[in-house]
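**Student:** Below are the structure tokens for one structure; questions will follow.
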Ligand SMILES: [Zn+2]
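Numbering (the working numbering), first residue to last: -8 to 279.
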């Protein structure tokens, strides 16, 4: 089991992140929850992001971690003084088990509506990985998620004072979606971005750029990299926290307060890293 998870982690993360020290062990490693900015909180594990956006009208949770981490995420939410039962919406980034495996349990605990792109909803609803996915051989099924609804690209999810916009960023998976909103602290409003994975990856024996089941993967990911690059972006949390240097920024929180998380170039850097990775994958796959 452990080896399977480790292999899966290497596959899902890709070489760059794996060599940066992230791995499946971190998926479940404990991490105290913390305020990122204003009403936005990090409630994920050390290795997989989950973000809570709070309001008096109820809360919105983005991503649920792997299935074994749902209790931990729920505990983090309570630790911050919020009720899991007050989550009205759970938004999904992408339909891989390390980010969405815990959504079924968190949906049950909260009764929330689960919102995702049409391609993601199909996987969440059935629990079965998408065969078109270039990582399909390494993907694990998940508990089927109840109470799902598909959103459109650009759709704004509203809840009381909250407004979170779906930005489809497919390519890593057909359903991958990033989410944007604004948070306010001390009179300053920041553009918040939860960027989904935009890295090109394929399982051994599969091709990312020449995948007959998902021929648009390359065009999709190029478009998604441009989308993320062009976002209004002051505070970025990526689906894998180390992908946007979250821990380096967190280390400065004691000194700088929540300003530590503000980096106006964060999305451009994240997009540039994805571009470099894509070029490497395309070059490797072009070799005979
Ligand atoms: Zn993934």
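Backbone N, C-alpha and C fix where the C-beta goes; we use that ideal spot for every residue, glycine too.
Considering only their Cβ atoms, is the gap separating residue 118 from residue 104 smaller than 9 Å?
**Tutor:** Locating residue 104 in the chain shown gives position 113, where the first residue counts as 1. Locating residue 118 in the chain shown gives position 127, where the first residue counts as 1. Cβ distance not < 9 Å, so residue 104 and residue 118 don't count as in contact.
**Student:** Note the first and the last residue of the continuous beta strand (DSSP E) segment covering residue 160.
**Tutor:** Residue mapping note: residue 160 aligns to position 169 of the chain shown, counting from 1. Counting along the chain, residue 160 falls outside any beta strand (DSSP E), and DSSP gives it neither H nor E.
**Student:** Please report the residue range of the beta strand (DSSP E) in which residue 147 lies.
**Tutor:** Residue 147 sits at position 156 when you count from the first residue of the chain shown. Its beta strand (DSSP E) spans residues 147 to 150.
**Student:** I'd like the span of the alpha helix (DSSP H) that includes residue 98, first residue to last.
**Tutor:** As a working mapping, residue 98 is identified with position 107 in the chain shown. Looking at the DSSP string, the run of the alpha helix (DSSP H) that includes residue 98 is 94 to 101.
**Student:** Starting from residue 140, follow the beta strand (DSSP E) in both directions and report where the run begins and ends.
**Tutor:** In the chain shown, the residue the question calls residue 140 occupies position 149. Segment 139 to 141, the beta strand (DSSP E) holding residue 140.
**Student:** Taking Cβ to Cβ, would you say residue 59 is nearer than 9 Å to residue 84?
**Tutor:** Within the chain shown, numbered from 1, the residue matching residue 59 stands at position 68. Within the chain shown, numbered from 1, the residue matching residue 84 stands at position 93. In this structure, residue 84 does not lie closer than 9 Å to residue 59 by Cβ.
**Student:** For residue 22, which residues in the same chain have their Cβ closer than 6 Å to its Cβ, ignoring the five residues on either side in sequence?
**Tutor:** Stepping through the chain shown from its first residue, residue 22 is reached at position 31. Excluding residues within five positions, the ones whose Cβ falls inside 6 Å are 36, 37.
**Student:** Tell me residue 73's beta-bridge partners as DSSP assigns them.
**Tutor:** Taking the chain shown and counting its residues from 1, the one referred to as residue 73 is at position 82. Bridge partners of residue 73: none, in fact.
**Student:** Would you kindly work out how many angstroms separate the C-alpha atoms of residue 50 and residue 170, rounded to a whole number?
**Tutor:** Numbered from its first residue, the chain shown carries residue 50 at position 59. Numbered from its first residue, the chain shown carries residue 170 at position 179. Roughly 15 Å between the two C-alpha positions.
**Student:** Using CA atoms only, rank isn't needed, just tell me which of 17, 42, 19, 18 is closest to residue 26.
**Tutor:** Numbered from its first residue, the chain shown carries residue 26 at position 35. Residue 42 is the option with its Cα nearest to residue 26.
**Student:** Taking residue 104 as part of the beta strand (DSSP E), name the residues at either end of that continuous run.
**Tutor:** Position 113 of the chain shown holds residue 104. Segment 104 to 107, the beta strand (DSSP E) holding residue 104.
**Student:** Assign residue 45 to one of three DSSP states: helix, strand, or coil.
**Tutor:** For the purposes of this step, residue 45 is taken as residue 54 along the chain shown, with counting starting at 1. Note: residue 45 maps to coil in three-state DSSP.
**Student:** Could you round the C-beta distance between residue 174 and residue 29 to whole angstroms and report it? I think they count as a contact, below 8 Å.
**Tutor:** Along the chain shown, read from residue 1 onward, the residue named residue 174 stands at position 183. Along the chain shown, read from residue 1 onward, the residue named residue 29 stands at position 38. The pair is a contact, with the Cβ atoms about 3 Å apart (cut-off 8 Å).
**Student:** Assign residue 177 to one of two classes, buried (16 or more other C-beta atoms within 10 Å of its C-beta) or exposed (fewer than that).
**Tutor:** Start at 1 with the first residue of the chain shown, and residue 177 comes out as number 186. The residue is exposed, with fewer than 16 neighbouring Cβ atoms inside 10 Å.
**Student:** Measure the beta-carbon distance from residue 276 to residue 159 and round it to whole angstroms, keeping in mind my assumption that it falls under 8 Å.
**Tutor:** Taking the chain shown and counting its residues from 1, the one referred to as residue 276 is at position 285. Taking the chain shown and counting its residues from 1, the one referred to as residue 159 is at position 168. Not really, about 24 Å apart at Cβ, beyond 8 Å.
**Student:** Unbroken beta strand (DSSP E) runs of length 3 or more, entirely within the stretch 193 to 232: which are they?
**Tutor:** As far as the stretch 193 to 232 is concerned, its whole beta strand (DSSP E) runs of at least 3 residues are 226 to 229.
**Student:** Would you say the stretch 204 to 220 touches the stretch 141 to 155, given that touching needs at least three Cβ pairs under 8 Å?
**Tutor:** No contact exists between the stretch 204 to 220 and the stretch 141 to 155.
**Student:** Quick check on DSSP: helix, strand or coil for residue 79?
**Tutor:** Counting from one through the chain shown, the residue named residue 79 turns up at place 88. It is a strand residue.
**Student:** Under the rule that 16 or more other beta-carbon atoms within 10 Å means buried, what is residue 272, buried or exposed?
**Tutor:** Locating residue 272 in the chain shown gives position 281, where the first residue counts as 1. Result: buried.
**Student:** Please report the Cβ distance between residue 197 and residue 125, rounded to the nearest whole angstrom; I am assuming they are in contact, meaning their Cβ atoms lie under 8 Å.
**Tutor:** Numbered from 1 along the chain shown, position 206 holds the residue referred to as residue 197. Numbered from 1 along the chain shown, position 134 holds the residue referred to as residue 125. That pair is a contact at about 5 Å.
**Student:** Do residue 108 and residue 141 have their C-beta atoms within less than 9 Å of each other?
**Tutor:** The residue given as residue 108 occupies position 117 in the chain shown. The residue given as residue 141 occupies position 150 in the chain shown. A contact, by the Cβ cut-off of 9 Å.
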